[in-house]
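K.L.:
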């Protein structure tokens, strides 16, 4: 496995990186039936929460537990920390029942980030599947804040059904912009859906980008990332220009607990964002 | 400085350490098992006991001799004291809509570990590298690791599952100790050759009732250590081991071993370098308090790799492969060193006697490139 991005020390810890910082829920918004977004503000200490697109936090619910959640807010507006979470386990379900005014513990930002600076001058293709839209949203914000530095910007997003589409208002806004290409597809069209139906990888073939000068960032279920990477390569994108974000069990987020190992890599500190060409064998290995 | 200490004067080492306010932790017997616990007197050591070890087998045997250190390692490791099986990291109290963290203030013992074997010194060095030298430190480990005085004991008689020579970690302690002891019984009597490795060690040496070592004692120790190198119960061919295991991800041998492996996790709990932990956030019964606890974990459980949708490593085969490949191969990529010190505990304490050296050899031979171990002997 090739070079590993060096990680910076997280901010906000005392001398013990296992100690969470307290953040208060400012706004709680339900995105879909099982997904919600929270805007968090630090109870004390530095008011800004600087992070890079693709990084995550360990979020602690009092007495229940701690889980890794990607940051889905705007990196150019660090005064607001935003997390979008799907309620699927003990901790995320407990989080779902919280209201604004309540407090959570936060440790982070942790992990590697999407290569937004390296991608300058290139076309950028974002491929998101399901909740995988959340860790890619900070990239969209970043690209839009520095729009002149990039070529074409293409967002391909697949959700299960029309009602599972995250950030609908924002997507509508982005879709109406002339300097963005936003294509959405759903696995099952319901109700009045008149858009694309099918898997997100189907959108790659006709997406308008220059495969020779392109950076692709892919986030979603492992199987979706595997086939997206194959689809991108079919279009001529080099494996070294494709990035993916991996998910593994994490207890500490700082490379000490051992749970997130993927071969020689720790997803928490060597990832979660990896260059596809560095880890592509992972997608073809079962139980690695 | 090298001293000779008559066996009858070993207590002076204990007394000096105690007068220097050290709590002494060393090998002792508890319910006929060899453990590491607090001791204060040389009689607390398992005097006159030796051990028999083999795959899935450990027996403490009364040898009738007078030796203090005539056994090798048992199921305990020093990580029990440096990185305990269960440790409260901090407590939290509810306060209004939020909470406050009550730090776990605890006094740090000044501790002396007596009877640390060369392989165990290497194991401590490995855990230091992982828990202190990475981008983040384990703050509790750092606290526990401070003020540790290490009295090494060289292994004159390696155990039945030992292979430290293969891993380059023993049987003689060459670094990482404050004092190192070789226990010798010969024509001139029963005595200890003691050398210091640090200033702290020298300071203690000045206080104990020893005399300067003569050439004869030094040579005897050298000879005993040389002989010990040839008495290893096991051998592991480490040649090209990282690539060997990486390219054998799909080896059929994993299926074979998985039929015996109970996935009990014993090997990970007795391993002196295994560092996987779980973080448990526990709520108090009265709902207004909570605590965070760090506990040893094992890659042999399904929970270890669980993410929403299922565990990554669902089969016994995948979990054994993860453990062995991590220990001997990916560890090298992660930390620049092997994760195995050759102490043999995983072989001895495996209830079905799975032998890490045998498994590696089987994989090697399955490639048709197996070398007969005997050929490698010098």
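Protein chains in written order, with the working numbering: chain P, 511 to 798; chain S, 2 to 379.
Note that beta-carbon positions come from the ideal geometry of N, C-alpha and C, so glycine has one too.
(1) From what residue to what residue does the beta strand (DSSP E) around residue 324 of chain S run?
(2) Please list the terminal residues of the continuous alpha helix (DSSP H) segment that includes residue 741 of chain P.
(3) Suppose only complete runs of 3+ residues qualify. What are the beta strand (DSSP E) ranges in the stretch 151-223 of chain S, listed by chain order?
(4) Got a sec: which bits of the stretch 332-346 of chain S sit with their beta carbon under 9 Å from any beta carbon on chain P, in order along the chain?
(5) Would you please state the rounded distance, in angstroms, between the beta carbons of residue 121 of chain S and residue 74 of chain S? I believe it to be under 8 Å.
(6) Who pairs with residue 236 of chain S in a beta bridge, going by DSSP?
(7) Counting only C-beta atoms, is residue 152 of chain S closer than 8 Å to chain P at any point?
(8) Return the CA-CA distance between residue 155 of chain S and residue 116 of chain S, expressed in angstroms with no decimal places.
(9) Can you find at least 3 beta carbon pairs, one from the stretch 556-564 of chain P and one from the stretch 612-626 of chain P, that sit closer than 8 Å?
(10) Is it buried or exposed for residue 650 of chain P, if we count other Cβ within 10 angstroms and need 16 for buried?
(11) Report buried or exposed for residue 172 of chain S, applying the criterion of at least 16 other Cβ atoms within 10 angstroms of its Cβ.
(12) Who are the neighbours of residue 319 of chain S on chain P, taking C-beta pairs under 9 Å?
(13) Can you tell me whether residue 220 of chain S is buried or exposed, with buried defined as 16 or more other CB within 10 angstroms of its CB?
(14) Give a yes or no on whether the C-beta atoms belonging to residue 725 of chain P and residue 707 of chain P are separated by under 8 Å.
(15) Select from the stretch 704-719 of chain P all residues with a C-beta closer than 8 Å to any C-beta belonging to chain S, and list them in chain order.
(16) Can you tell me the Cα-Cα spacing of residue 632 of chain P and residue 658 of chain P, whole angstroms?
(17) Helix, strand or coil: how does DSSP classify residue 261 of chain S here?
(18) Answer with yes or no whether the minimum CB distance from residue 139 of chain S to chain P is below 8 Å.
(19) Looking only at its own chain, which residues have a Cβ that is under 8 Å from the Cβ of residue 45 of chain S, when we skip the five neighbours before and after it?
(20) Which residues in the same chain as residue 314 of chain S place their Cβ atom closer than 7 Å to its Cβ, once the five residues preceding and following it in sequence are excluded?
(21) I'd like the span of the alpha helix (DSSP H) that includes residue 397 of chain S, first residue to last.
(22) Could you work out which residue in P/565, P/543, P/756 is closest to residue 592 of chain P when comparing CA atoms only?
(23) State the DSSP-derived secondary structure class of residue 242 of chain S, mapped to helix, strand or coil.
(24) Tell me whether residue 227 of chain S sits in a helix, a strand or coil according to DSSP, three-state version.
(25) Over what stretch of residues does the beta strand (DSSP E) that includes residue 540 of chain P continue unbroken?
(26) So, for residue 557 of chain P: in the same chain, excluding its five sequence neighbours on each side, which residues have a beta-carbon less than 7 Å away from its beta-carbon?
(27) With a threshold of 8 Å between beta carbons, is residue 82 of chain S in contact with chain P?
(28) Can the beta-carbon of residue 346 of chain S be found closer than 8 Å to that of residue 272 of chain S?
(29) Would you tell me roughly how many angstroms separate the C-alpha atoms of residue 603 of chain P and residue 581 of chain P, rounded to the nearest one?
(30) In angstroms with no decimal places, state the Cα-to-Cα distance between residue 190 of chain S and residue 151 of chain S.
(31) Considering only DSSP beta bridges, list what residue 281 of chain S is partnered with.
(32) Quickly, what does DSSP pair residue 308 of chain S with across the bridge? List them, please.
(33) Using the C-alpha atoms, what's the distance from residue 248 of chain S back to residue 368 of chain S?
(34) Would you decide whether residue 700 of chain P is buried or exposed? Buried here means 16 or more other CB atoms lie within 10 Å of its CB.
(35) Using the C-alpha atoms, what's the distance from residue 183 of chain S back to residue 153 of chain S?
(36) Could you check what DSSP says for residue 271 of chain S in three-state terms: helix, strand or coil?
P.N.:
To lay it out plainly:
(1) Taken as a continuous stretch (DSSP letters only), residue 324 of chain S belongs to no beta strand (DSSP E), being part of the alpha helix (DSSP H) at 317-326.
(2) 732-744
(3) 180-187, 190-197
(4) 332, 333, 334, 335
(5) 7 Å
(6) Paired residues: none, contrary to the question.
(7) no
(8) 8 Å
(9) yes
(10) buried
(11) buried
(12) 796, 797, 798
(13) exposed
(14) no
(15) none
(16) 11 Å
(17) helix
(18) yes
(19) 27, 29
(20) 306, 320, 323
(21) Given a span of 2 to 379 for chain S in the structure shown, any question on residue 397 of chain S remains unanswerable.
(22) P/565
(23) helix
(24) helix
(25) 531-540
(26) 589
(27) no
(28) yes
(29) 18 Å
(30) 26 Å
(31) S/294
(32) S/311
(33) 10 Å
(34) exposed
(35) 9 Å
(36) helix
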